[in-house]
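Below: one structure, written as structure tokens.
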Amino acid sequence: MSLLEVKDVEGGYGGAPILNGVNMAIDREDIGVIVGPNGAGKSTTLKAIFGLLEVTAGSIVMDGHEVANQLPDKLVPLGLSFVPQEFNVFTEMTVHENLEMGAYIRNDDISDTLDYVYEMFPPLKDKRKQNAGELSGGQRQMVAMGRALMSQPKLLLLDEPSAGLSPRYMMEIFETVVNVNKSGVGILMVEQNARQALEFATKGFVLAGGNNRYTGTGRELLDDPEVAQSFLGG
Amino acid sequence: MNELIFFVNKVLISGATLGSVYALGAVGVTLIFGILRFAHFAHGDMMTLGAFVAFMLVAVFQSLGIQTPLPTGFIVLPFAMAITAGLALGIDRGFYQPLRAKGVKTVTLLIASVGVTLMMQGVIRLFAGTGTRSFFENETKDLYRFKLPIEGVRRSINFSEPQILVIVTTVIAVIALHFFLTRSRLGKGMRAMADNPSLAQVSGINTAAVVRATWIIAGSLAAMAGTLLALDVILKPDLAFNILLPIFAAAVVGGLGHSYGAIAGGFLIGFAETMSVFNWAVLLRPFKAGLPDWLPNDLSIVPSEYKLTVAFVILVLVLLVRPQGIFKGAST
Ligand SMILES: Nc1ncnc2c1ncn2[C@@H]1O[C@H](COP(=O)(O)OP(=O)(O)OP(=O)(O)O)[C@@H](O)[C@H]1O
Ligand SMILES: [Mg+2]
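Chains as they are written, first to last, in the working numbering: chain A, 1 to 234; chain B, 235 to 566.
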């Protein structure tokens, strides 16, 4: 059984269902990448896993626990962490306080994890006393990821970590994602820069109209002419 | 010199006393706004409620024959704060929480708080009647006079005991609040939730606990403000409903949701009020010889019956010119 198993999940925001049968399985060694057109339900899938919208059918099992419709304050202790697509830092709190908020549920000593995060994102160390709202887009993304890592998750959900970043920053963030994964954290991320992300993905999911169209390794999706034709821009 | 001391007594000391009460009320309003996103209209009556709780505790203390060096109304303050915090939690549980659970718009909560305020006014009058009471029926209100060792100075700087207690207690409360918000986990969680509620939830912060902490702090500060105000002036059922306007003005001036702004706003409104009703002609008296005759004897900006309009004017000006509050940049 995988660390996270999403089976035939349906759900939405109260109106017409947005997800109609999403399936995913992710292990701790995996980097899963979800791609698909705008409005496909990619963000909605991550929110459904993280208990932020109602799941009306299907199951979500995290580390052996059924977690569909569980609230985040139950999910974070299970080892799940989420970086939303936007508004993902506390703008009026310092970088350091942002990281502390990521460790809110912990009662043990967090200094090792702080060191780990500052090592993973060196620019943050100099800015630790600065309010997160005063940072550049790329640095904010680092704060957001750092915050999510502070709870020592087994699985990190990332919604478009490279959105709005220059190609150089994008590659930097992707490198960090790979490093985080190497340090033992499973990754499930949504990406618009599909080709670059699928290059290092161990699992790829093409989502459209609220369900999986294609599932495979990153390589398989890149090599599939139909996927390339319809979803990766030729 | 005598005129200057008159100014200190009438403007600075009164202003600091008034400002302290406004600040304590405004911090509660601003914290509730930051966390629950609605203007808590019943906050004035929560202050009055706290003062009446303190008054009842005083009656209990005195019937037990307990004598205290400081005014009994001040000694019972911690108990009154705890009881009022409990009542605030109960009010939230009974009225606001069910509405939030239904996901109503925040304006609905505002209207609900108007209902709560009317209900509280009724309950207070039901139990305590409509008359005024004094915390000093069986005790004396001490007055401290500080004579300046200067030749020819007849006037003294006057502090009443309640005035000193108001100012000192407020300073302590503000410092304690500062340490709570910047050092404690729950306090930082409160700031996080005020900053970005959905991200706070995503971080695993127990938002229900933060809401409870907010009511506990707002309720106990309201009891503190109400009791101190009643000690300084008089206890009556419309004690704090009357000053709801300056309290909200202070919170808005400080930028709703910003605690430090609310404190600064409270003092700003307090001083603005005392300065507006101060007769500035007094300060000109020593130079009377050199002044033209047509200068009127009363140079106050507004007559004291119109003191409340000061807060109103400031509120309107701030909303027109800087609706985000004049202390932008101060966080939480
Ligand atoms: N908060 C919401 N309330 C109601 N409907 C929503 C909400 N958020 C998204 N939707 C709808 O759900 C559908 C899927 O949105 P979602 O955000 O999951 O798309 P996405 O695949 O992440 O797209 P993008 O690439 O633009 O981020 C859209 O049709 C959108 O209109
Ligand atoms: Mg999205």
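For each residue, glycine too, the CB sits at the ideal point set by N, CA and C.
Bear in mind that the values here come from a model prediction, so they are computed numbers and not experimental data.
Going by beta carbons, B:L554 and B:L479 fall outside the 7 Å limit. In the structure shown, B:K375 adopts coil according to DSSP, grouped into three states. Apart from the 5 residues on each side of it in sequence, A:S59 sits with its Cβ closer than 7 Å to the Cβ of K7, E66 and A68 in its chain, given in chain order.
For B:R367, the secondary structure class from DSSP, reduced to helix, strand or coil, is strand. Shown here for B:L333: same chain residues with a beta carbon closer than 8 Å to its own, the five before and five after excluded, namely T342, L343 and A346 in chain order.
About 6 Å separates the beta carbons of B:L433 and A:F87, which is inside the 8 Å limit, making them a contact pair. In this structure, the straight-line span from the alpha carbon of B:Q397 to that of B:L311 is close to 15 Å.
At a cut-off of 7 Å between C-beta atoms, B:A443 does not count as an interface residue with respect to chain A. For A:G102, the nearest CB of chain B lies under 7 Å from its own CB, placing it at the interface with that chain. Distance from the CA of A:L19 to the CA of A:G51, rounded to the nearest whole angstrom, comes to 14 Å. Residue burial is scored here from C-beta neighbours: A:E29 has fewer than 16 other C-beta atoms within 10 angstroms and is therefore classed as exposed.
Chain A has a Cβ within less than 7 Å of the Cβ of B:N440.
In the DSSP assignment, A:T56 falls outside any alpha helix (DSSP H) and lies within the beta strand (DSSP E) extending over E54 to M62.
Here A:A208 carries a strand assignment [DSSP, helix/strand/coil].
Contact note: B:G559 does not reach chain A at a C-beta cutoff of 7 Å; the least C-beta distance is about 13 Å. Between B:R271 and the set B:V445, B:G488 and B:L525, the nearest pair of CA atoms involves B:V445.
The beta-carbon of A:F82 is placed less than 7 Å from the nearest beta-carbon of chain B. Ranked by Cα distance from A:G32, the options A:S151, A:D108, A:G216 and A:G210 are led by A:G216. At a Cβ-Cβ threshold of 7 Å, B:V487 and B:I560 count as neighbours. Close partners of A:M93 in chain B (Cβ separation under 8 Å): K422, R425, A426, D429 and S565. Counting C-beta atoms within 10 angstroms of its own C-beta, B:K522 has fewer than 16 neighbours from the protein chains shown and is therefore classed as exposed.
Ranked by Cα distance from B:N513, the options B:I503, B:G500, B:A498 and B:L529 are led by B:L529. Within chain B, the residues placing a beta-carbon under 8 Å from that of A:D73 are Q435, G438, I439, N440 and T441, ordered along the chain. Within the stretch 83-142 of chain A, the alpha helix (DSSP H) runs of at least 4 residues that lie entirely inside it are, in chain order, 95-102, 111-120 and 122-126.
A:A194 sits in a helix when the DSSP states are folded into three classes.
Short of 7 Å from the beta carbon of B:L252, and not among the five residues preceding or following it, lie these beta carbons of its own chain, in chain order: G504, E507 and T508.
With a contact defined as Cβ atoms closer than 8 Å, B:P471 and B:I358 qualify at about 5 Å. At a cut-off of 7 Å, the C-beta of A:V117 has no neighbouring C-beta in chain B.
The C-beta of A:E199 comes no closer than 7 Å to any C-beta of chain B. A:K7 has its CB no nearer than 6 Å to any heavy atom of ligand 1. Residue state for B:R388 is assigned as coil, using DSSP reduced to three classes. Using a CB distance below 7 Å, no part of the stretch 1-22 of chain A faces chain B. Near ligand 2, meaning a Cβ closer than 7 Å to any of its heavy atoms, lie the following residues in chain order: A:K42, A:S43, A:Q85, A:D159, A:E160 and A:V190. Secondary structure note for A:G218: its alpha helix (DSSP H) is the uninterrupted segment G218 to D223.
The way I'd put it, the stretch 426-440 of chain B does touch the stretch 102-111 of chain A; three or more beta-carbon pairs between them come closer than 8 Å.
In the DSSP annotation of this structure, A:M24 is not part of any alpha helix (DSSP H); the continuous beta strand (DSSP E) holding it starts and ends at L19 to I26.
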